[in-house]
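The UniProt record's numbering puts the first residue of the sequence shown at 1, with every later residue one more than the last. Just so it is clear, CB atoms sit at the ideal spot from N, CA and C, and this is done for glycine as well. For clarity, every value in this text was computed on a predicted model and none was experimentally measured. A short write-up of the structure that comes next.
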Amino acid sequence: MAKGYWASVYPAISDPERLTAYEKLAGPAVRAGGGRLLSRGGRVVAHEAGITQRVVLIEFDSFEQAVAAYESEAYQKALVALPDGFERDLRIIEGID
1 MAKGYWASVY
11 PAISDPERLT
21 AYEKLAGPAV
31 RAGGGRLLSR
41 GGRVVAHEAG
51 ITQRVVLIEF
61 DSFEQAVAAY
71 ESEAYQKALV
81 ALPDGFERDL
91 RIIEGID
């Protein structure tokens, strides 16, 4: 079975400190949904669009598990805590078997 991934890029972060409330809710929600954090805000070499802001990569045992974790009540509560002024592009993608 192919794994599932959340790939998030934050093109604009006006105040990184304001992510704290979201992170306190999102981390446990992702882990409860079976997610494993692979990368968060580390070094980035950007090509093409040149976006070097925060990048997050989370792995799940399956694509279906990744979708279910995003749709979970716990993660939806975390999304409400994501502050205004943040741009984010989150994709749920299926890995290669």
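Keeping to the same chain, check which residues put their C-beta closer than 8 Å to that of residue i; ignore five residues upstream and five downstream.
i: G34; result: F60, D61, Q65, A69
Just the C-alpha distance for residue i and residue j, rounded to the nearest angstrom, thanks.
i: V44; j: T52; result: 6 Å
i: T20; j: I93; result: 26 Å
i: V30; j: S14; result: 24 Å
Which same chain residues end up closer than 6 Å to residue i when comparing Cβ atoms and leaving out the 5 residues on each side of it in sequence?
i: residue 178; result: Since the first and last residues shown for the chain are 1 and 97, residue 178 lies out of range.
Applying the 10 Å Cβ sphere with the 16-neighbour rule, what's the burial state of residue i?
i: A46; result: exposed
i: A49; result: exposed
i: A26; result: buried
I'd like to know whether the C-beta atoms of residue i and residue j end up nearer to each other than 9 Å.
i: F86; j: G4; result: no
i: L79; j: W6; result: no
i: I96; j: A2; result: yes
Check your understanding: Unbroken alpha helix (DSSP H) runs of length 4 or more, entirely within the UniProt domain "DUF1330" (3 to 96): which are they?
Key -> 20 to 32, 63 to 71, 73 to 81, all fully within the UniProt domain "DUF1330" (3 to 96).
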